[in-house]
Amino acid sequence: MSSSSSSGLTFKLHPLVIVNISDHYTRVKSQMNPPVSSTATTSSSSTTTNNSNGSGDGGVTAVSAAAPPPRVYGCVIGVQRGRIVEIFNSFELLYDPVTHSLDRAFLEKKQELYKKVFPHFYILGWYSTGSDAEEFDMHIHKALMDINESPVYVLLNPLINPAQKDLPVTIYESELHVIDGIPQLIFVRSSYTIETVEAERISVDHVAHLKPSDGGSAATQLAAHLTSIHSAIKMLNSRIRVLHHYLVAMQKGEIPCENSLLRQVSSLLRRLPAIESEKFQDDFLMEYNDTLLITYLAMFTNCSSTMNELVDKFNTAYDRHSRRGGRTAFI
Amino acid sequence: MDIEQKQAELIDHFVKKASALKGTILDPVIIEATSHPSLFAFSEILAVPSVVELGGTENSGYLDVLRLFAHGTWTDYKNNAGCLPELIPDQVLKLKQLTVLTLAETNKVLPYDQLMQELDVTNVRELEDFLINECMYAGIVRGKLDQLRRCFEVQFAAGRDLRPGQLGNMLQTLSNWLATSENLLVSIQEKIKWADTMSELDKKHRKDVEDRVEDVKKSLSLKLHTVSRPTLTSEGTRRSTLSLVE
C-alpha cells in the first residue's frame, strides 16, 4: 500500500505531536486493562473523556485479556507555507467503530475551539497508531479530504523495538495512482524532519534525563553527572582542536591571515587560565572542607545512632540472664 | 565578539579609503582612523600597500603612529614623543584604551597603582571613571572593580592586533589547553569507572550479608523448637549484630 512519495512537500514534525499521540495511546491502553479484569462499569468513566474506540470496546468485550492493542485516532493541526508543512499540535477524536468513521460534529467543534486559541493553525490531517497503514484508513482519509485537499496521515507504531534507531513515526500522503486501470488513492510514505521550539527542546531533554533517578543509588547519579560533564568537555575539546589546526595552518601560511579572527582568538585565550587565582583556591578549598565536614558529621551521627541501638539490644538480651545470676548488663 | 562585528564595517571603509589614496594625503586618513571611537584594530590598514609605502618616505611619522596604535602603549608614546607627531586628544584617549587592553593581556588582576602609572592618572576617581566610561561602556573590556583591594579584575578583554611573534605563543597556549582537557577527559572516565566499581562492590557486599542472615535464620529456626531461652538470646544477638554490620 505504501511506497516512497514524490509530492515534493517537506514535513516538519514537532515533538509535541509525538508525545500527544503516545500519551493518548497509553491512556487508552491503561484504561482498557483494568476493565478487562473487573466489571464493565469502569468503561463508562473512560468514555466520558476524549477517547476513541479502544476503551468503549474493551470494557464490553471484557474477557479477552490479550485484546489487540487499541487504535487511537485524532487530528493533527499546523501551518502550511508553500511547500513546507509544519505540524505543531494534535488533538483526539472519537472514532465510531460501527460506521468506521470519525465523529464529525466533535471534530468541527474542536476545530472551532482551537481556531480561537491558535488562529493560524489549520487541520492538516489525522493520526493513528498501528504498525502499518490499513484499508480502513483510506475511508477516514477521504472523509478528511473535504477539510483539507491533501491531508496527512501520521502513524505511530506503539510497539517498542529496541533495535530500531529512529522514531516509529511515519507520515503518509495520499496520491492518485493508476492501478489496474483504475485511478486509486494510495498511501505513500514521506520523509519528515523534527523541528523544535525552545520550550519543547527543554521538556524533551528533561524527560530524557529522568531515567537515572529511577536507579536511585548515589553511584548511578554520580556516574550520570560525570558522563554529561565528559561529553561537554569532549565537545569543547574538539572545537579547540579545530581552532588549533586553523592557527597552525595560518602560521604555515596555507591560509591567508585573517586578523579579525586572530584578535578574537587572542582575546579568548586571555581568559585562560581561569582557575588559578589565589582567591579561587581559597574559596574552593573552603567549600570543599565544608562539604567534607558535613559528610563526616552525618556519618558520625549515623554511627552513633547505630551504636546506641546495638547497646540497647545487648542490654535487652543480657538483661534476662542477670536475674539468674549470669552475665551482667553490657553497660 | 560583537566588537569585531562593529569594527568590521569601519575597517572595510578605512581600507578602501587608504587604498584609494597615496602619500601625504593618507595622513588625515590615518589620523581619522586612530581617533575613531569604535575602531581598535589597525592591522588591516597597516597591510594596505599604499600605507606600507609611507614607511620609506619622510612622512614615516604617521606610519609609526599607526604602528604604535596597533601594538604599542601610552608609555611607548611618551618615550618616543620626540620622533612622533603630536596626537590630538581623541587619539590620546584611544591610545590609553589600547594600553588597558595590553595590560589585560598579561595579568587578569590589574592593581590600581600600575594602571595609574601606565595611564598617567593621579587619582583613583579619575581612573575608575576612565575605566568605566571609556573602557567598559565601549565594550572592549569586561570586569569587576575592587576598590577595597584596589584592583581591577578583568574577565574579558578584546583582542589587539597581533605582533608577528605572538601567533607562536597562542599556538602554545592552545596546545596546552588541549592537553589539559584531554587529561581531564581521561580522569573523568576513570572516576566513572570507579563509581561503577564501587557500587558493584557495595551491592555484592549487601547481598553477601543478606545471604548470611538468611542462612543463620534457617539454621537457628531448626533449633528453635528444641532449645528455648539461650537460643533466643544468641539468635537475637546474632541477628542484631548482623543487621548492624550492614
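Which chain is which? The protein sequence lines are A and B, in order. Residues 2 to 332 in this note's numbering are what the first sequence spells out, letter by letter. Residues 2 to 247 in this note's numbering are what the second sequence spells out, letter by letter. Every residue gets a Cβ at the ideal spot worked out from N, C-alpha and C, and that includes glycine. Predicted model only: the values in this text are computed from it and were never measured.
So within the stretch 88-138 of chain A, which uninterrupted alpha helix (DSSP H) runs reach at least 4 residues, ignoring any that extend past its ends?
At a cut-off of 4 residues, the continuous stretches assigned as alpha helix (DSSP H) that sit fully inside the stretch 88-138 of chain A are 105-118.
Under 8 Å by beta carbon: chain B residues contacting H231 (chain A)
Ordered by position in chain B, the residues that pass the 8 Å Cβ test against H231 (chain A) are L186, I189, Q190 and I193.
Residues, ordered as in the chain, of the stretch 197-219 of chain B that lie near chain A by beta-carbon distance below 7 Å:
Cβ contacts with chain A: D197, M199 and S200.
Quick check: the Cα distance between D104 (chain A) and N90 (chain A), rounded to an integer number of angstroms?
If you take the alpha carbons of D104 (chain A) and N90 (chain A), they lie about 19 Å apart.
Tell me, please, which residues DSSP counts as bridged to L157 (chain A).
DSSP links L157 (chain A) through a beta bridge to A:T130 and A:V170.
The alpha helix (DSSP H) that contains D13 (chain B), what's its start and end?
Looking at the DSSP string, the run of the alpha helix (DSSP H) that includes D13 (chain B) is D3 to A21.
Thinking just about the alpha-carbon of each residue, which of A:Y115, A:P98, A:V179 and A:G126 is nearest to the one in E87 (chain A)?
Looking at A:Y115, A:P98, A:V179 and A:G126, the one whose alpha-carbon comes closest to that of E87 (chain A) is A:G126.
Enclosing alpha helix (DSSP H) for D216 (chain B) [first to last residue]:
First-last of the alpha helix (DSSP H) with D216 (chain B): Q167 to K224.
Hey, does Q282 (chain A) have any beta-carbon neighbour from chain B nearer than 8 Å?
Closer than 8 Å: no.
Is any beta-carbon of chain A found at less than 8 Å from that of L96 (chain B)?
L96 (chain B) does not count as touching chain A.
Classify D147 (chain B) as helix, strand or coil using the three-state DSSP reduction.
If DSSP states are grouped into helix, strand and coil, D147 (chain B) belongs with the strands.
Compute the Euclidean distance between the alpha carbons of T198 (chain B) and H210 (chain A), then round it to the nearest angstrom.
Rounded to the nearest whole angstrom, the C-alpha separation of T198 (chain B) and H210 (chain A) is 22 Å.
Is the CB of G160 (chain B) under 8 Å away from at least one CB in chain A?
At least one C-beta of chain A is nearer than 8 Å to the C-beta of G160 (chain B).
Does the Cβ-Cβ distance between L186 (chain A) and S175 (chain A) come in under 8 Å?
Yes, these two residues count as a Cβ contact at 8 Å.
To the nearest angstrom, report how far apart K143 (chain A) and H245 (chain A) are at their CA atoms.
If you take the alpha carbons of K143 (chain A) and H245 (chain A), they lie about 59 Å apart.
Using three-state DSSP, classify V49 (chain B) as helix, strand or coil.
Here V49 (chain B) sits in coil by DSSP.
Three-way DSSP call (helix, strand, coil) for C136 (chain B) in this model:
The answer is helix: DSSP assigns C136 (chain B) an H, G or I state.
What residues match up with G79 (chain A) in a beta bridge as DSSP calls it?
DSSP lists A:I88 and A:Y123 as partners of G79 (chain A).
Does the stretch 137-156 of chain A come close enough to the stretch 166-175 of chain A that 3 or more CB-CB pairs lie under 8 Å?
Yes, they touch.
Is it true that the CB of R82 (chain A) sits closer than 8 Å to the CB of G9 (chain A)?
No, Cβ-Cβ distance for G9 (chain A) and R82 (chain A) is not below 8 Å.
For V77 (chain A), collect the residues of the same chain with a Cβ closer than 8 Å to its Cβ; drop the 5 residues on either side in sequence, then sort them by chain order.
So the list reads V18, I88, N90, S91, I124, L125, G126, W127, Y128, V153 and V155, once near-sequence residues are dropped.
Can you pull the chain B residues whose beta carbon is under 7 Å from the beta carbon of V235 (chain A), in chain order?
One point to set straight first is that residue 235 (chain A) is Lys, not Val, in the sequence displayed. Going along chain B in sequence order, the residues near K235 (chain A) (Cβ under 7 Å) are L186.
Pull up the CB-CB distance for Y63 (chain B) and L27 (chain B), whole angstroms please, since I reckon it's below 8 Å.
Y63 (chain B) to L27 (chain B), Cβ: 7 Å. Contact.
Chain A contacts from the stretch 104-129 of chain B (Cβ-Cβ distance under 8 Å)
Result list: A105, E106, K109 and V110.
When the Cα atoms are used, what is the spatial distance from T74 (chain B) to D283 (chain A)?
Whole-angstrom Cα-Cα distance: 34 Å.
Could you check whether the stretch 27-42 of chain B touches the stretch 92-104 of chain B, counting it as contact only if at least three pairs of C-beta atoms, one from each stretch, sit closer than 8 Å?
Touching, yes, given that three or more Cβ pairs across the two stretches are closer than 8 Å.
Closer than 8 Å to chain A by CB, F1 (chain B):
Missing from the structure shown is residue 1 (chain B); chain B here goes from 2 to 247 and no further.
Who are the near neighbours of M251 (chain A) in its chain, counting only those whose CB is closer than 7 Å to its CB and skipping five residues on each side?
By the criterion of a C-beta distance shorter than 7 Å, M251 (chain A) is surrounded in its chain by C258, once the five residues flanking it on both sides are discounted.
Within the 8 Å Cβ cut-off, does K224 (chain B) reach chain A?
No, because no Cβ of chain A sits closer than 8 Å to the Cβ of K224 (chain B).
Does S261 (chain A) get closer than 8 Å to chain B when you measure Cβ to Cβ?
Yes, S261 (chain A) lies at the interface with chain B (some Cβ there is under 8 Å from its Cβ).
Report yes if the C-beta distance between P16 (chain A) and T130 (chain A) is below 8 Å; otherwise report no.
No; because the gap between Cβ atoms is not below 8 Å, this pair is not in contact.
Residues bridged to S191 (chain A) [DSSP beta-bridge criterion]
Looking at the DSSP assignment, S191 (chain A) forms a beta bridge with A:I172.
Please return the same chain residues whose Cβ sits closer than 8 Å to the Cβ of L128 (chain B), not counting the five positions on each side in sequence.
The residues are Y113, L116, M117, L120 and V122.
Does DSSP classify L186 (chain A) as helix, strand or coil?
Collapsing the DSSP output to three states places L186 (chain A) in a strand.
Under 8 Å Cβ-Cβ, which residues of chain B neighbour N238 (chain A)?
Identification of chain B residues near N238 (chain A) by a Cβ-Cβ cut-off of 8 Å yields L179, S182, E183 and L186, ordered along the chain.
So with Cβ pairs under 8 Å, would you call A34 (chain B) a contact of chain A?
Chain A contact via Cβ: absent.
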